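Under the numbering used here, the first residue of the sequence shown carries the number 4, and numbering increases by one thereafter.
Where a beta carbon is used, it is the ideal one built from N, C-alpha and C, also for glycine.
Everything numeric in this text was worked out from a predicted model, so none of it was measured.
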Amino acid sequence: MAITPVSDADIAVQTKLSAEQVRQTLTREYSTLRFRIEYGNYLSNHLLHAVVALHDLGANEQKIADYAAHYTQKLEAEGPDHEDVVEHVEALDILSDEEARALLGKRQQYDALLAYYAHDVKKLGVDGAVRKHLPNLFSGLAGALLHGIIQLGYAYHIGGDRFVAEGLAYQHHCYLPFDEPKMALPKEPLRQFTRQTVFEVVAAVTSNEFLRSEQDRLVAISPVKDLDIGWIQRGVNVFSGHPERNSPEAFALIWNQINEFDFSKFDGSYALDIVMWLYVMLKHNDFIILHAATSAWSLQQLEHLLSPSDKAKAWRVWLHVALSALVTSRSRDFREEDVCSPSGDLEACLAALPSWSQLREKALALPGFPDEHVYKMVQVAEDHAHANYDNANSFLSPTERDFVARTAALTVITTPFKPYSQKPPK
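In structure tokens, the structure reads:
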């Protein structure tokens, strides 16, 4: 009798965990019960994102376990007597709303904030708690280089009361204000989002000498230079609305650019179209702009829980932060030709790219333990390419979106990140 060989792909499918099994494993092995939400004073724990991205890409149980075992080596473990504030929330003294507000963005008392949000998740349910609290948190999504909103988005995507409470608590913990100031309505008609208008704004802010000089000036003096965070986060602080750290002129300058645009139809599909297009328009693999993409996907998971007005405000904040990050990265090496308008046929260019199944296989077959952001970008790109959007008013056509998303996935798989171990040159 002939024996049919079993491929690695077949084994992966057979042993892939269910979403519920992933939630159980995350709770038991990888949640803040075991490891702190930050390590090295300010670095964000990405373990939940990595596990969820690997799961979505089709990784089997062993692949996820091996990667997590490697990743946890750099995390800060909790002690054996660490209290489970989620499980025992009813027996704890919970922060009052006023006490919680006093901790906004202070990066203190994470467990107290976790109990505060776990209490509301238990009382209101996941959707109810996010509806209640996200309107008070999205203006701070720049905190920890967008990792608060990323934590919350991945938590909501995989599901689970504990993880959503962890995400809400972390967004509160690292909050960095980008509250929109009161601004006069533009005298000219609002601009529409097109590749030309987006590129004009990007070119305007990335080439603006005042923005760069203000950032250089303020990161070199107190209080920004004294912040125990990385240079990227210090740079974003300069463009924030933080009254003690920012440049009010730089903050207003970027807001003025955003205020010219019509956000009435802007949503997660627009944001992902825009940021992925910008990502592949760059001639290098940009680690900072990748975060704008994964944060857009994360906010997209939550946008249906916001009122229409809050949704528009949240995306305006996100775009402000994304532009601020782009200026901070000093990335200006954009391609001269629009990748969506090649000299040849776009359909032919798309057909020449690997399929999504091939891209997943390439990502999961990378040797060793790749940076977790590689898995996240491929996962986000594929999810975006396959989403069922209303394409009548979209930024990219379905063909353009698939081409951009596949190009982004292939870029992150095959091209090393541009080194950012230190501040880039001017």
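Where residue i sits in the DSSP three-state scheme
i	result
L60	helix
A80	strand
R194	strand
A5	With a pLDDT of 38 at A5, under the threshold of 50, the modelled position of this residue cannot be trusted; read the value that follows with caution. DSSP places A5 in coil when its eight states are reduced to three.
E93	helix
F269	coil
F181	coil
S247	Note that residue 247 is Glu in the sequence shown here, rather than Ser. Coil, per DSSP.
F372	coil
S455	For residue 455 there is no data in the structure shown, the boundaries of the chain being 4 and 429.
T414	helix
F264	strand
L107	coil
S332	helix
E86	coil
Q304	helix
D13	Low per-residue confidence applies at D13: pLDDT is 46, beneath 50, and the placement is therefore not dependable enough to give any value.
F202	helix
F242	coil
Unbroken alpha helix (DSSP H) run spanning residue i, endpoints
i	result
M380	E375 to H389
E187	In the sequence on display, residue 187 carries Ala and not Glu. Premise fails: A187 is in no alpha helix (DSSP H) and is neither H nor E.
I232	From DSSP, I232 is part of no alpha helix (DSSP H); its letter is neither H nor E.
H176	D164 to H176
G151	G146 to I161
C352	L349 to A355
Q218	E212 to V222
H136	Y113 to H136
Straight-line gap, residue i to residue j (C-alpha atoms, nearest Å)
i	j	result
A355	G233	40 Å
R110	V278	28 Å
H287	T417	11 Å
G143	D313	13 Å
V433	A118	Past the boundaries of the shown model lies residue 433; the chain is included only from 4 to 429, so the question cannot be answered.
H49	E191	43 Å
A455	A206	Absent from the model: residue 455. The displayed extent of the chain is 4 to 429, so no value can be given.
G43	R198	39 Å
G156	S47	15 Å
Q174	T30	19 Å
Y70	R26	16 Å
I224	W258	24 Å
Nearest residue (CA-CA) to residue i, options the options
i	options	result
L308	D96, D130, R31 and E102	D130
S344	E403, E79 and Q218	E403
N396	G238, F266, W359 and F337	F266
A408	S334, E385, D59 and E339	E385
F406	R215, H387 and D69	H387
V201	D114, G244, Y74 and D341	D341
K421	A366, I292 and H52	I292
F213	C177, V204 and E252	E252
Residue i and residue j closer than 8 Å at C-beta
i	j	result
G108	G170	no
P180	N262	no
L95	R39	no
L329	A296	no
L116	L106	yes
F242	F254	yes
E364	A53	no
V72	Q382	Just to set this straight, residue 72 is Ala in the shown sequence, not Val. No, Cβ-Cβ distance for A72 and Q382 is not below 8 Å.
T331	V415	no
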